[in-house]
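**Student:**
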Amino acid sequence: MLAFNYFGATEGGLFDINATLPLMAIQVVALTYILNSLFFKPVGNVVEKREKFVSNNIIEAKNKLSEVEKLEADLLTQLQSARTEALKIVSEAENESEKLYKEALELANNEANASKEKARLEIENQTNAARDQLSKQADDLSELIVNRLILEK
Amino acid sequence: MFFNSLLTSFAALEVGQHLYWQIGNIRLHGQVFLTSWILLGALLVFISLGTKKMENDPKGLQNLLEFLWDYIRDLARTQIGEKVYRDWMPFIGTLFLFVFVSNWGGALIPWRLIELPSGELGAPTADINTTIALALLVSLSYFYAGLSNKGWRYFEYYVHPTPIMLPFKILEDFTKPLSLSFRLFGNILADELVVGVLVFLVPLILPIPVMFLGLFTSAIQALIFATLAAYYIGEAVEEHH
Numbered sequence: 001m002l003a004f005n006y007f008g009a010t011e012g013g014l015f016d017i018n019a020t021l022p023l024m025a026i027q028v029v030a031l032t033y034i035l036n037s038l039f040f041k042p043v044g045n046v047v048e049k050r051e052k053f054v055s056n057n058i059i060e061a062k063n064k065l066s067e068v069e070k071l072e073a074d075l076l077t078q079l080q081s082a083r084t085e086a087l088k089i090v091s092e093a094e095n096e097s098e099k100l101y102k103e104a105l106e107l108a109n110n111e112a113n114a115s116k117e118k119a120r121l122e123i124e125n126q127t128n129a130a131r132d133q134l135s136k137q138a139d140d141l142s143e144l145i146v147n148r149l150i151l152e153k
Numbered sequence: 001m002f003f004n005s006l007l008t009s010f011a012a013l014e015v016g017q018h019l020y021w022q023i024g025n026i027r028l029h030g031q032v033f034l035t036s037w038i039l040l041g042a043l044l045v046f047i048s049l050g051t052k053k054m055e056n057d058p059k060g061l062q063n064l065l066e067f068l069w070d071y072i073r074d075l076a077r078t079q080i081g082e083k084v085y086r087d088w089m090p091f092i093g094t095l096f097l098f099v100f101v102s103n104w105g106g107a108l109i110p111w112r113l114i115e116l117p118s119g120e121l122g123a124p125t126a127d128i129n130t131t132i133a134l135a136l137l138v139s140l141s142y143f144y145a146g147l148s149n150k151g152w153r154y155f156e157y158y159v160h161p162t163p164i165m166l167p168f169k170i171l172e173d174f175t176k177p178l179s180l181s182f183r184l185f186g187n188i189l190a191d192e193l194v195v196g197v198l199v200f201l202v203p204l205i206l207p208i209p210v211m212f213l214g215l216f217t218s219a220i221q222a223l224i225f226a227t228l229a230a231y232y233i234g235e236a237v238e239e240h241h
């Protein structure tokens, strides 16, 4: 009996359902509209604007990164080709210079040989001439000595 | 007889007593509206302060409100689905905020210090009228969501895997609001009663852990209510294949 009074009495009690219910429902619906215009919409706008901004920036950065990677790959191939080109040029120049060196060396050798030959011939001539002169002088001298001896006698 | 003496000794608790407002023919539980107006007023002031000067680099209160918004969005999105969660986010968020503010306000503010002619102030969610109002709103919402999204095809849901499910699904439409309202009501009322009885018996220290437990249950109940509401709406708008 008491329990009935306590929980389900017509006046008061825990399960006393009355006009509080619909009014509270109306209040919550009104609160939904108020919070929507005061909280959900403005905060949502700001947050979504920022999210869009961030995602746009990420996309832009990704595009830039891919562009950079493309440029890097381009540069790398360019560098590679330039390197092979340079190697080719260097080896060509080496060949050229070796050829020139050889030519110059040959030329110089020939010239040196020629001038050596020439000098040898000259020396020989001069030696011959000197020998002739010497023998002629010796002849003169011997003739003189002979004449003097003959005259003394 | 025993019960009677028990009651008189707990007379200070005043369970099931209300401050009646009589407006014409209708009677209202005044204490529920008083506390809800105070708490919702505080909530609205808090929110208007936080959204007064919105910046792209959030500071202070705006940070907190954005966190809250994000939390509610995640809740609505995971339960309702990517397609229609936007339409229902304000409703789910309002349910969450209302229940949360009511529960915590009821637990944190020493309402008992304010003397009323009859009944006492407390969490608005500890009144069965409030929780049934919320639960019925959820019921209406998921019917509306289902019908507005899928038209008459919404009723395919009742025979979805097999027509054998029909009676159970119809029964569910009654058990959903019943369980929603009674879960919230029972938890919050029980928490208030436990704290009340403990404070009455041992006014020092001992009630404090129970009060913390109460805060924990209050928050959990708000989350459960909002999550279930979102889940029911999501179930109604879900496309079957």
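First to last, the protein sequences are chains A and B. With our numbering applied, the first sequence covers 1 to 153. With our numbering applied, the second sequence covers 1 to 241. In this text, a Cβ means the ideal position worked out from N, Cα and C, and glycines have one as well.
Cβ closer than 8 Å: which chain B residues qualify as neighbours of Ile58 (chain A)?
**Tutor:** On the first sequence, residue 58 (chain A) is found 58 positions in, with the first residue counted as 1. Chain B residues near Ile58 (chain A): none, gap ~16 Å exceeds 8 Å.
**Student:** Examine the Cβ distances between the segment 106–114 of chain B and the segment 129–143 of chain B and report whether three or more of them are shorter than 8 Å.
**Tutor:** No, the segment 106–114 of chain B does not touch the segment 129–143 of chain B.
**Student:** Are at least three pairs of beta-carbons, each pair with one atom in the segment 69–78 of chain B and one in the segment 219–232 of chain B, less than 8 Å apart?
**Tutor:** At 8 Å Cβ cutoff, the stretches touch.
**Student:** Of the choices B:Thr175, B:Phe168 and B:Gly105, whose alpha-carbon is the least far from that of Leu215 (chain B)?
**Tutor:** Position 215 of the second sequence holds residue 215 (chain B). Closest option to Leu215 (chain B), Cα to Cα, is B:Gly105.
**Student:** Alpha helix (DSSP H) containing Gln17 (chain B): first to last residue?
**Tutor:** The count along the second sequence starts at 1 and reaches residue 17 (chain B) at position 17. Neither: Gln17 (chain B) is in no alpha helix (DSSP H) and is coded neither H nor E.
**Student:** Between Val54 (chain A) and chain C, is the shortest Cβ-Cβ distance under 8 Å, so that the two count as touching?
**Tutor:** Absent from the structure is chain C; the protein chains it does hold are A and B.
**Student:** Please state if the CB of Thr35 (chain B) and the CB of Leu121 (chain B) are separated by a distance shorter than 8 Å.
**Tutor:** Numbered from 1 along the second sequence, position 121 holds the residue referred to as residue 121 (chain B). Numbered from 1 along the second sequence, position 35 holds the residue referred to as residue 35 (chain B). Yes; because the gap between Cβ atoms is below 8 Å, this pair is in contact.
**Student:** Which class does Leu14 (chain A) belong to by DSSP, given the choice of helix, strand or coil?
**Tutor:** Along the first sequence, one-based indexing puts residue 14 (chain A) at 14. Looking at Leu14 (chain A) - three-state DSSP - the assignment turns out to be coil, as it is neither helix nor strand.
**Student:** My understanding is that Leu35 (chain A) touches Thr51 (chain B), with C-beta atoms under 8 Å, so please give their C-beta distance in whole angstroms.
**Tutor:** Locating residue 35 (chain A) in the first sequence gives position 35, where the first residue counts as 1. Locating residue 51 (chain B) in the second sequence gives position 51, where the first residue counts as 1. 11 Å between Cβ atoms; not a contact.
**Student:** Residues in the segment 80–99 of chain B with C-beta within 9 Å of chain A's C-beta atoms, listed in sequence order?
**Tutor:** Per Cβ criterion, the list reads Arg86, Met89, Pro90, Phe91, Gly93, Thr94, Leu95, Leu97 and Phe98.
**Student:** Could you tell me whether the Cβ of Glu156 (chain B) comes closer than 8 Å to any Cβ of chain A?
**Tutor:** On the second sequence, residue 156 (chain B) is found 156 positions in, with the first residue counted as 1. Closer than 8 Å: no.
**Student:** Can you find a CB in chain A that lies within less than 8 Å of the CB of Asn304 (chain B)?
**Tutor:** There is simply no residue 304 (chain B) to check, as chain B begins at 1 and stops at 241 in what is shown.
**Student:** Give me the Cβ distance between Phe256 (chain B) and Leu31 (chain A), rounded to the nearest whole Å; I'm assuming they're in contact under 8 Å.
**Tutor:** In this structure chain B extends from 1 to 241, so residue 256 (chain B) is not present and cannot be described.
**Student:** Using alpha carbons as the reference points, say which of B:Ser48, B:Asp87 and B:Leu136 lies closest to Leu21 (chain A).
**Tutor:** Within the first sequence, residue 21 (chain A) is the residue found at index 21, counting from 1. The candidate whose alpha carbon is nearest that of Leu21 (chain A) is B:Leu136.
**Student:** In angstroms with no decimal places, state the Cα-to-Cα distance between Ser181 (chain B) and Ile128 (chain B).
**Tutor:** In the second sequence, the residue the question calls residue 181 (chain B) occupies position 181. In the second sequence, the residue the question calls residue 128 (chain B) occupies position 128. Rounded to the nearest angstrom, the two C-alpha atoms are 7 Å apart.
**Student:** Residues of the segment 153–186 of chain B with a CB closer than 9 Å to any CB of chain A: list them in chain order, please.
**Tutor:** Here the close residues are Phe185.
**Student:** Reducing DSSP to helix, strand and coil, say where Leu121 (chain B) ends up.
**Tutor:** Taking the second sequence and counting its residues from 1, the one referred to as residue 121 (chain B) is at position 121. Leu121 (chain B) falls in the coil class under three-state DSSP.
**Student:** Let me check understanding here. Comparing Cα to Cα, which of B:Leu49, B:Tyr20, B:Ser48 and B:Tyr231 lies closest to Ala145 (chain B)?
**Tutor:** Within the second sequence, numbered from 1, the residue matching residue 145 (chain B) stands at position 145. The shortest Cα separation from Ala145 (chain B) among B:Leu49, B:Tyr20, B:Ser48 and B:Tyr231 belongs to B:Tyr231.
**Student:** Determine whether the Cβ of Thr77 (chain A) lies closer than 8 Å to any Cβ atom of chain B.
**Tutor:** What you label residue 77 (chain A) is simply residue 77 of the first sequence in a count that begins at 1. With 8 Å as the cut-off, Thr77 (chain A) does not count as an interface residue toward chain B.
**Student:** What separation, rounded to the nearest whole angstrom, lies between the Cα atoms of Pro105 (chain A) and Leu65 (chain A)?
**Tutor:** By 1-based counting over the first sequence, the position of residue 105 (chain A) is 105. By 1-based counting over the first sequence, the position of residue 65 (chain A) is 65. Reading off the sequence shown, one finds Leu at residue 105 (chain A), where the question assumed Pro. Leu105 (chain A) and Leu65 (chain A): Cα-Cα distance of roughly 58 Å.
**Student:** Within 10 angstroms of the Cβ of Ser135 (chain A), are there 16 or more other Cβ atoms? Answer buried if so, exposed if not.
**Tutor:** Residue mapping note: residue 135 (chain A) aligns to position 135 of the first sequence, counting from 1. Looking at its Cβ environment, which holds fewer than 16 other Cβ atoms inside 10 Å, Ser135 (chain A) is exposed.
**Student:** Are the Cβ atoms of Gly119 (chain B) and Leu19 (chain B) separated by less than 8 Å?
**Tutor:** Residue mapping note: residue 119 (chain B) aligns to position 119 of the second sequence, counting from 1. Residue mapping note: residue 19 (chain B) aligns to position 19 of the second sequence, counting from 1. Yes, Cβ-Cβ distance for Gly119 (chain B) and Leu19 (chain B) is below 8 Å.
**Student:** Using a Cβ-Cβ distance cut-off of 8 Å, determine whether Ala19 (chain A) contacts chain B.
**Tutor:** Your numbering for residue 19 (chain A) matches position 19 in the first sequence. Yes, because at least one Cβ of chain B sits closer than 8 Å to the Cβ of Ala19 (chain A).
**Student:** For His29 (chain B), which of B:Ala123, B:Ala219 and B:Val45 has the nearest alpha-carbon?
**Tutor:** Residue numbering aside, residue 29 (chain B) sits at position 29 when the second sequence is read from its first letter. Nearest C-alpha to His29 (chain B): B:Ala123.
**Student:** Go through the segment 16–52 of chain A residue by residue and report every complete run of the alpha helix (DSSP H) that reaches 4 residues or more, in order.
**Tutor:** Runs of the alpha helix (DSSP H) inside the segment 16–52 of chain A: 20–35.
**Student:** In this structure, does DSSP put Leu206 (chain B) in helix, strand or coil?
**Tutor:** Taking the second sequence and counting its residues from 1, one reaches residue 206 (chain B) at position 206. Leu206 (chain B): coil per DSSP, three-state reduction.
**Student:** Inspect the beta-carbon positions of Met54 (chain B) and Val54 (chain A) and report whether they are closer than 8 Å.
**Tutor:** Looking up residue 54 (chain B) in the second sequence gives position 54. Looking up residue 54 (chain A) in the first sequence gives position 54. Not a contact, by the Cβ cut-off of 8 Å.
**Student:** Using the rule of at least 16 other Cβ atoms within 10 Å of the residue's Cβ for burial, across every protein chain shown, is Phe100 (chain B) buried or exposed?
**Tutor:** Locating residue 100 (chain B) in the second sequence gives position 100, where the first residue counts as 1. Flag for Phe100 (chain B) reads buried.
**Student:** Would you please verify whether the beta carbon of Ala133 (chain B) is less than 8 Å from any beta carbon of chain A?
**Tutor:** Start at 1 with the first residue of the second sequence, and residue 133 (chain B) comes out as number 133. Yes, Ala133 (chain B) lies at the interface with chain A (some Cβ there is under 8 Å from its Cβ).
**Student:** I'd like to know whether the C-beta of Leu40 (chain B) is nearer than 8 Å to at least one C-beta of chain A.
**Tutor:** Sequence index remark: in the second sequence, residue 40 (chain B) carries index 40 (1-based). Closer than 8 Å: yes.
**Student:** For the alpha helix (DSSP H) holding Leu136 (chain B), just list the boundary residues, first then last.
**Tutor:** The count along the second sequence starts at 1 and reaches residue 136 (chain B) at position 136. It spans Ile128 to Lys150 - the alpha helix (DSSP H) in which Leu136 (chain B) sits, taken as one unbroken run.
**Student:** Mind checking Asn63 (chain B): buried by the 16 CB within 10 Å criterion, or exposed?
**Tutor:** If you number the second sequence from 1, residue 63 (chain B) lands on position 63. Result: exposed.
**Student:** Counting only beta-carbon atoms, is Thr32 (chain A) nearer than 8 Å to chain B?
**Tutor:** In the first sequence, counting from the first residue as 1, residue 32 (chain A) sits at position 32. Yes, contact with chain B.
**Student:** Would you decide whether Ile208 (chain B) is buried or exposed? Buried here means 16 or more other CB atoms lie within 10 Å of its CB.
**Tutor:** Translated into positions along the second sequence, residue 208 (chain B) becomes position 208. Classification for Ile208 (chain B): exposed.
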